[in-house]
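Note sheet for the following structure.
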Amino acid sequence: MATNTIAASALVMTFDGGNGSDGKQIVITKSFRNIKNGAPYDDLFAVAQKLQPLQKYALISIERNDKIDITA
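Its first residue numbered 1, the sequence shown is counted upward by one per residue in the UniProt record's numbering.
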């Protein structure tokens, strides 16, 4: 049976960078790596909310990206 282990986590914030000359939305992402594997989602959300006012662009979304190792 295969098992999985979280190898690394990152907090990713996506921002609205406005519109380009072609009228399409510009999306900017910032990643904060080395997040503790067991960090609760509520804590990550709270950190992102604290970082939001320090950013130049409006926040679109908050994500947690996990790299998971699958072993047999």
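No residue lacks a Cβ here, since even glycine has one placed at the ideal position from N, Cα and C.
Across the structure, D66 and I6 are spaced so that their CA atoms are roughly 6 Å apart. At a Cβ-Cβ threshold of 7 Å, V47 and T29 do not count as neighbours. C-alpha of S9 to C-alpha of N37: approximately 6 Å in a straight line. Residue pairing from DSSP places I62 in a beta bridge opposite M13. Assignment of beta-bridge partners to S31 by DSSP yields V12. Around the beta carbon of I35, 16 or more other beta carbons lie within 10 angstroms, which makes this residue buried. Put simply, the backbone Cα of M1 is about 10 Å away from that of I70.
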